[in-house]
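Protein chains in written order, with the working numbering: chain A, 856 to 1006; chain B, 14 to 437. We treat Cβ as the ideally placed atom computed from N, Cα and C, and that holds for glycine. Remember, predicted model here, so these are calculated numbers, not experimental data.
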């Protein structure tokens, strides 16, 4: 594989694509949204369960490319135990990183696991793949059965 | 990994290619095919999206602006006459290329999409009413679905869809059952852009004509690859797109039977499409100008004419035969790879190789291939109903042209093994 490919398909991304975490429908979620990218047919549902103000559990299901699926998977692992405000802040952090210029250095300590998606910045058409689950999560935070679209 | 022995055997079997088609020589005419990506030669397999242009076309565009540029059908000055002659000469070339009876039946449009919309607007609004029906097939490109949907919605008519089988072939008996006294038009593709299926147009037209129903053929994917004879097909309308025929973008052709075209109201109003205008009444121009309002895409028309000269010189029969051989070879390369599912396995098939892989989403396939210098398309190919029919969100699609080679298809095969390495 060429070095460019390696930069996009980081090992973490490939691993989450193959073994997505929290990949199942949730019964009676407190928040739920469906995200759709009509250009490539990617489709994910995000389910959220609260315990008071705290996100107790996040799951997802659906189908999409390796970037969109691994992004959704990594996201679900980061949201457990967070407040709604924390989740929104994480969305902003991810969104700012992924839409930054590829030359902008990544603050890996601040970004943590999210840094593996830094390579996506080189591929403008793939940014929507990476952000689909995140936008859907934002809608699911307080919505029931909302549908979001990238277009 | 790739079964080298077998592949070599196949290459030897096919060595020499089609008689009379010097592909190496043809490739020299296409400057873009000399490009390299990270040291790897460009393997362009996205011809169903758009084709590359030979030097002759590129030079004709330059020559037009350097020596011929003027508006057509207007001024008495010398340049205008040169531009008009070149423009009308191109119409004549199209006439011969599709074997239209008269050149006035050749109308220049912006592309196949505009051709279909023209017919939907001018024929559809005039002849389709409440309770009427328009038939399309389940393998249509969005451009041969949406204009009819819009028309049906406006008129209170119904869109009927002829189904396809698991190979991606039209189920002819089901299509025939849809034909009835309410049907006002059949709009069907000649070659499916997502599946490669070649439809039996002659048979479809015969069936429709038994009910006196006109047939529009979407030739966007057939005109660049198969000999077209509209009189033999006996279709009532035929549309195609210049940029898929090795010509410029923004230019296309609508052919129509003269009586139908004459009976139809204009599509767009403006200059060139009139004989006389007063505030009380406008008299429309004759064919084909009635449907060519405004200053046309003159250099596009001239460029398309040169592309057609190029195709005619190579010979459409030879192109079709060579591409058929390439298609069979490509199908073999792909089906040798475990975990590849071909979408579109019609018996009559043009050079569209649509597939999915168990291990990777089409986008990821396309991405890895891109890094190998191989350009394919990944997505729904503007044919979402086809994706739904086969239960896939998208496919990867390698689409061929006469400048492609078996070596390039081998490179595709090798790169797909790489995809498996990455994602399995």
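Hey, out of the options, whose CA is closest to residue i's CA?
{"i": "residue 409(B)", "options": "398(B), 213(B), 392(B) and 318(B)", "result": "392(B)"}
{"i": "residue 316(B)", "options": "63(B), 60(B) and 75(B)", "result": "75(B)"}
{"i": "residue 936(A)", "options": "916(A), 955(A), 911(A) and 920(A)", "result": "911(A)"}
{"i": "residue 183(B)", "options": "211(B), 385(B) and 164(B)", "result": "211(B)"}
{"i": "residue 231(B)", "options": "131(B), 70(B), 105(B) and 38(B)", "result": "131(B)"}
{"i": "residue 920(A)", "options": "970(A), 884(A) and 898(A)", "result": "898(A)"}
{"i": "residue 207(B)", "options": "271(B), 398(B) and 147(B)", "result": "398(B)"}
{"i": "residue 429(B)", "options": "329(B), 343(B) and 171(B)", "result": "343(B)"}
{"i": "residue 190(B)", "options": "180(B), 167(B), 221(B) and 165(B)", "result": "221(B)"}
{"i": "residue 66(B)", "options": "273(B), 237(B) and 423(B)", "result": "237(B)"}
{"i": "residue 87(B)", "options": "164(B), 302(B), 394(B) and 162(B)", "result": "302(B)"}
{"i": "residue 887(A)", "options": "988(A), 968(A) and 980(A)", "result": "988(A)"}
{"i": "residue 916(A)", "options": "998(A), 901(A) and 985(A)", "result": "901(A)"}
{"i": "residue 364(B)", "options": "341(B), 353(B) and 160(B)", "result": "341(B)"}
{"i": "residue 141(B)", "options": "162(B), 300(B) and 385(B)", "result": "162(B)"}
{"i": "residue 949(A)", "options": "938(A), 993(A) and 908(A)", "result": "993(A)"}
{"i": "residue 434(B)", "options": "382(B), 390(B), 388(B) and 395(B)", "result": "382(B)"}
{"i": "residue 167(B)", "options": "177(B), 133(B), 291(B) and 174(B)", "result": "133(B)"}
{"i": "residue 33(B)", "options": "269(B), 169(B), 295(B) and 326(B)", "result": "326(B)"}
{"i": "residue 909(A)", "options": "986(A), 945(A), 940(A) and 976(A)", "result": "940(A)"}
Determine the DSSP secondary structure at residue i, reduced to helix, strand or coil.
{"i": "residue 344(B)", "result": "helix"}
{"i": "residue 296(B)", "result": "strand"}
{"i": "residue 997(A)", "result": "helix"}
{"i": "residue 75(B)", "result": "helix"}
{"i": "residue 24(B)", "result": "Note that residue 24(B) has pLDDT 42, beneath the 50 cutoff, so the model's placement of it is unreliable and no number is given."}
{"i": "residue 413(B)", "result": "coil"}
{"i": "residue 224(B)", "result": "coil"}
{"i": "residue 1008(A)", "result": "The structure shown does not extend to residue 1008(A), since chain A spans only 856 to 1006, so no value can be given for it."}
{"i": "residue 50(B)", "result": "strand"}
{"i": "residue 322(B)", "result": "helix"}
{"i": "residue 174(B)", "result": "strand"}
{"i": "residue 1002(A)", "result": "strand"}
{"i": "residue 30(B)", "result": "Residue placement at residue 30(B) cannot be trusted, given a pLDDT of 49 that sits under 50; what the coordinates show is reported in the next sentence. Looking at residue 30(B) - three-state DSSP - the assignment turns out to be coil, as it is neither helix nor strand."}
{"i": "residue 64(B)", "result": "coil"}
{"i": "residue 280(B)", "result": "coil"}
{"i": "residue 287(B)", "result": "strand"}
{"i": "residue 390(B)", "result": "strand"}
{"i": "residue 961(A)", "result": "coil"}
{"i": "residue 17(B)", "result": "Residue confidence is low: residue 17(B) scores 41 on pLDDT, short of 50, so the model does not pin down where it sits. Its coordinate-derived value is still stated next. In this structure, residue 17(B) counts as helix in the three-state DSSP scheme."}
{"i": "residue 405(B)", "result": "coil"}
{"i": "residue 200(B)", "result": "strand"}
{"i": "residue 356(B)", "result": "strand"}
{"i": "residue 864(A)", "result": "coil"}
{"i": "residue 335(B)", "result": "helix"}
{"i": "residue 989(A)", "result": "helix"}
{"i": "residue 265(B)", "result": "strand"}
For the ligand MG, is there a heavy atom less than 7 Å away from the beta-carbon of residue i?
{"i": "residue 278(B)", "result": "Although the ligand MG was asked about, the structure shown includes no ligands whatsoever."}
Please look up how many angstroms separate the CB atoms of residue i and residue j, rounded, as I've assumed it's under 8 Å.
{"i": "residue 880(A)", "j": "residue 914(A)", "result": "7 Å"}
{"i": "residue 991(A)", "j": "residue 882(A)", "result": "Their Cβ separation, rounded to whole angstroms, is 19 Å, which puts residue 991(A) and residue 882(A) out of contact at 8 Å."}
{"i": "residue 905(A)", "j": "residue 885(A)", "result": "5 Å"}
{"i": "residue 204(B)", "j": "residue 235(B)", "result": "4 Å"}
{"i": "residue 871(A)", "j": "residue 929(A)", "result": "6 Å"}
{"i": "residue 963(A)", "j": "residue 894(A)", "result": "Contact doesn't hold; Cβ gap of about 31 Å is too wide."}
{"i": "residue 426(B)", "j": "residue 54(B)", "result": "Actually they are not in contact, since the Cβ atoms of residue 426(B) and residue 54(B) sit about 16 Å apart, beyond 8 Å."}
{"i": "residue 137(B)", "j": "residue 359(B)", "result": "That belief does not hold up - the Cβ atoms of residue 137(B) and residue 359(B) are roughly 29 Å apart, past 8 Å."}
Please give me, in chain order, every unbroken run of the beta strand (DSSP E) with length at least 3 that falls completely inside the region 883-921 of chain A. 886-892, 897-906 and 909-918
Any chance you could list the alpha helix (DSSP H) runs of at least 4 consecutive residues sitting entirely within the region 109-166 of chain B, in chain order? 125-132
Are at least three pairs of beta-carbons, each pair with one atom in the region 223-230 of chain B and one in the region 243-251 of chain B, less than 8 Å apart? When C-beta atoms of the region 223-230 of chain B are compared with those of the region 243-251 of chain B, three or more pairs fall below 8 Å, so the two segments count as touching.
Is the number of C-beta pairs between the region 340-356 of chain B and the region 950-965 of chain A that are closer than 8 Å three or more? no
Sufficient close CB pairs (3 or more, under 8 Å) joining the region 253-262 of chain B to the region 312-329 of chain B: yes
Do the region 366-378 of chain B and the region 38-47 of chain B meet, that is, are 3 or more Cβ pairs less than 8 Å apart? No: fewer than three Cβ pairs fall under 8 Å.
How do the region 138-153 of chain B and the region 171-190 of chain B stand: do at least 3 beta-carbon pairs fall below 8 Å, yes or no? yes
Are at least three pairs of beta-carbons, each pair with one atom in the region 99-113 of chain B and one in the region 308-315 of chain B, less than 8 Å apart? Yes, they touch.
For the region 117-129 of chain B against the region 261-277 of chain B, do three or more pairs of beta-carbon atoms, one drawn from each stretch, fall closer than 8 Å, so that the two count as touching? With a cut-off of 8 Å, the region 261-277 of chain B and the region 117-129 of chain B count as touching, because enough Cβ pairs lie within range.
Mind the definition here: the region 399-415 of chain B touches the region 354-369 of chain B only if three or more C-beta pairs lie below 8 Å; say whether that holds. yes
To test your reading of the DSSP string, which unbroken alpha helix (DSSP H) runs of 4 or more residues are found completely within the region 217-261 of chain B? 243-246
Say whether the region 194-202 of chain B touches the region 139-148 of chain B, bearing in mind that this needs 3 or more beta-carbon pairs closer than 8 Å, one atom from each stretch. yes
Taking 8 Å as the cut-off, does the region 326-339 of chain B touch the region 274-293 of chain B (at least 3 CB pairs, one atom from each stretch)? no
If you pair each beta-carbon of the region 414-428 of chain B with each one of the region 48-68 of chain B, do three or more pairs fall below 8 Å? Under the three-pair Cβ rule at 8 Å, the region 414-428 of chain B counts as touching the region 48-68 of chain B.
Check each residue of the region 912-933 of chain A: if its Cβ is closer than 7 Å to any Cβ of chain C, include it; give the result in chain order. Within the model displayed, chain C is absent; protein chains A and B are what it includes.
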